[in-house]
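Student:
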Amino acid sequence: KKYRSIPEDLIELRTRLLDNPFEGVDLGMGVRKVRMSIKSKGKGKSGGARVITYSLIVDDKDINLTLLTIYDKSERSTISDKEIKDLLNNI
Numbered sequence: 016k017k018y019r020s021i022p023e024d025l026i027e028l029r030t031r032l033l034d035n036p037f038e039g040v041d042l043g044m045g046v047r048k049v050r051m052s053i054k055s056k057g058k059g060k061s062g063g064a065r066v067i068t069y070s071l072i073v074d075d076k077d078i079n080l081t082l083l084t085i086y087d088k089s090e091r092s093t094i095s096d097k098e099i100k101d102l103l104n105n106i
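The working numbering runs 15 ahead of the 1-based position in the sequence shown.
1. Just to confirm, are Gly39 and Arg29 a CB contact at a threshold of 8 Å?
2. Does DSSP put Asp74 in a helix, in a strand, or in coil?
3. Please look up how many angstroms separate the CB atoms of Ile21 and Ile53, rounded, as I've assumed it's under 8 Å.
4. Could you tell me which of Asp77, Ile99, Ser92 and Lys60 sits nearest to Leu25, measuring between CA atoms?
5. Nearest to Asp101 by alpha carbon, out of Thr84, Lys88 and Asp77?
6. Excluding five sequence neighbours on each side, which residues of the same chain lie with their C-beta closer than 6 Å to the C-beta of Arg50?
7. Suppose you measure from the CA of Leu32 to the CA of Ser55; what does that come to, to the nearest Å?
8. Judging by CA-CA distance, which residue of Lys58, Ile78 and Leu42 is the nearest neighbour of Glu98?
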């Protein structure tokens with residue numbers, strides 16, 4: 016309820032990730048940090064959310080992409096390596 020545009024923003028992100036599953040900053044171990052704008056905040060990608068994804072290459076044509084977590088950049092600046100490892104252990 017905090018940001019009403021989130022469902023729409025996630026659909027847009029999904030489309031972007033389908034086009035380019037390797038978008039964002041490579042954090043290692045198949046994990047990437049992707050910037051996502053939150054339209055209802057009106058601050059663009061830099062002040063929006065961060066989405067942590069995990070990519071597993073199945074074969075030449077298939078990639079399994081898992082959304083691990085999402086957080087608001089204004090509420091949290093980054094995610095630790097330990098938190099990422101914990102998220103990976105839960106999938």
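C-beta atoms are modelled at their ideal positions from N, C-alpha and C, and glycine is treated no differently.
Since this is a predicted model, take the numbers as computed values, not measurements.
Tutor: Looking at the coordinates:
1. Cβ atoms of Gly39 and Arg29: not closer than 8 Å.
2. coil
3. 7 Å
4. Nearest option by C-alpha distance: Lys60.
5. Thr84
6. Lys60
7. 21 Å
8. Leu42
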